[in-house]
Amino acid sequence: MDALLSRLFSSEEEERYILDCMGYFMVFMAACTFVSLLFENVPYGRYATSKYGFPVNVKFAWFVQELPAFLLPFCLVFWTSSAKTSLLPNQLLIAMYFCHYVQRALIYPFLIRGGKPTPLMSFVLAFVFCMYNGYMQVRYLSHYAEYPASWITQPCFIIGSVLWLVGWLVNVHSDHILRNLRKPGETGYKIPTGGMFEYVSGANFLGEITEWAGFALAGHSVHSSAFAIFTTVVLASRAVAHHKWYIEKFEDYPKNRKALVPFLF
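Its first residue numbered 18, the sequence shown is counted upward by one per residue in this note's numbering.
Here it is as structure tokens:
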């Protein structure tokens, strides 16, 4: 892995510069995505459409598209001279990242019940994003990120870590609720209840947004911040779309439930 990276980059300074550029480019892409989502929803799940390519089995799609976000960082940590992985702040941040993607890539796809196929274009774009972001996040943390020895006692790290944990728990619990809405053999959609779904339509999205916002606060870098911004743009749009869809489909949908932020929005 080190040999491959040395062929791609002439020096560590060049690689660090590229990593920073990748972070800023992701912020730019978040802005472009925000504009595009004003006109059309991300085409997967209930919004899937054939104009974005032939359908890919949903379990296969989730597993394959998310796998680079786990596999590439795993190689970067264990098969390269990871200069910073011996430092506790870096270890904890890398652990947060892996905790999410072990669940998302290696567990979540195999728990999916039913689910609509994913259009090919959405599948390919998600695969590319996971590879791009996985490299950017973990290469920075494992080889370049420098934190003071006291960083884990700083308010930014403590608050960020708590937010990450709360967000991760909400996300996992909300996915569990959604999976168990239908009994075996049932089809169609139902109103989710329990957990944060009592307050918002996009409880799973709220959890993931909170998770990566906490990660960004704890990591304090353009790379983690860019990921949090991009995630917020995509998932906030999806939460709003879900909320409108639920209201239109179910006459008895709870009137006090918001789209994404409890009691507010």
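Cβ atoms here follow ideal geometry from the backbone N, Cα and C, with glycine treated the same way.
{"Check": "What are the uninterrupted segments assigned as alpha helix (DSSP H) that are 4 or more residues long and contained completely in the segment 67 to 120, given in chain order?", "Outcome": "75 to 95 and 105 to 118"}
{"Check": "Given a cut-off of 8 Å, decide if P85 and Y114 are closer than it, judged by their beta-carbon atoms.", "Outcome": "no"}
{"Check": "Rounded to whole angstroms, what's the CA-CA distance from L277 to F222? Just pull it up for me.", "Outcome": "8 Å"}
{"Check": "On the CB-based measure, 16 or more other CB atoms within 10 Å of its CB, does L93 come out buried or exposed?", "Outcome": "buried"}
{"Check": "Using beta-carbon positions only, say whether A235 and L137 come within less than 8 Å of one another.", "Outcome": "no"}
{"Check": "Using only alpha-carbon positions, find the residue among N58, Y41 and S159 that is nearest to T97.", "Outcome": "S159"}
{"Check": "Go to H240, then tell me how far its alpha helix (DSSP H) extends in each direction, as first and last residue.", "Outcome": "V239 to K266"}
{"Check": "Have a look at Y34, G132, I176 and F174 and flag the residue whose alpha-carbon is nearest the alpha-carbon of L198.", "Outcome": "G132"}
{"Check": "Is the CB-CB distance between R274 and S218 below 8 Å?", "Outcome": "yes"}
{"Check": "Tell me whether V217 sits in a helix, a strand or coil according to DSSP, three-state version.", "Outcome": "strand"}
{"Check": "How about the segment 117 to 127 and the segment 40 to 58: do they share at least three Cβ pairs that are nearer than 8 Å?", "Outcome": "no"}
{"Check": "For A220, which residues from the same chain have a beta carbon less than 7 Å from its beta carbon, with the 5 sequence-adjacent residues on both sides left out?", "Outcome": "V187, S191, G212, M213 and F214"}
{"Check": "Looking at the structure shown, is P136 part of a helix, part of a strand, or coil, going by DSSP?", "Outcome": "strand"}
{"Check": "For K275, write down the residues that DSSP places opposite it in a beta bridge.", "Outcome": "V217"}
{"Check": "Measuring CB atoms only, is the segment 139 to 146 touching the segment 27 to 34, in the sense that at least three cross pairs come out at less than 8 Å?", "Outcome": "no"}
{"Check": "So what does DSSP say about T210, is it helix, strand or coil?", "Outcome": "coil"}
{"Check": "On a CA-only basis, which of S254, S53, R121 and T248 is nearest V81? Give me that one, please.", "Outcome": "R121"}
{"Check": "Give me the Cα-Cα distance between H193 and M39, rounded to the nearest whole angstrom.", "Outcome": "34 Å"}
{"Check": "Judging by CA-CA distance, which residue of E29, W79, V250 and V73 is the nearest neighbour of M46?", "Outcome": "V250"}
{"Check": "Taking just the CA atoms, how far does T102 sit from S178?", "Outcome": "18 Å"}
{"Check": "Rounded C-beta distance between G224 and G184? I'm assuming under 8 Å.", "Outcome": "5 Å"}
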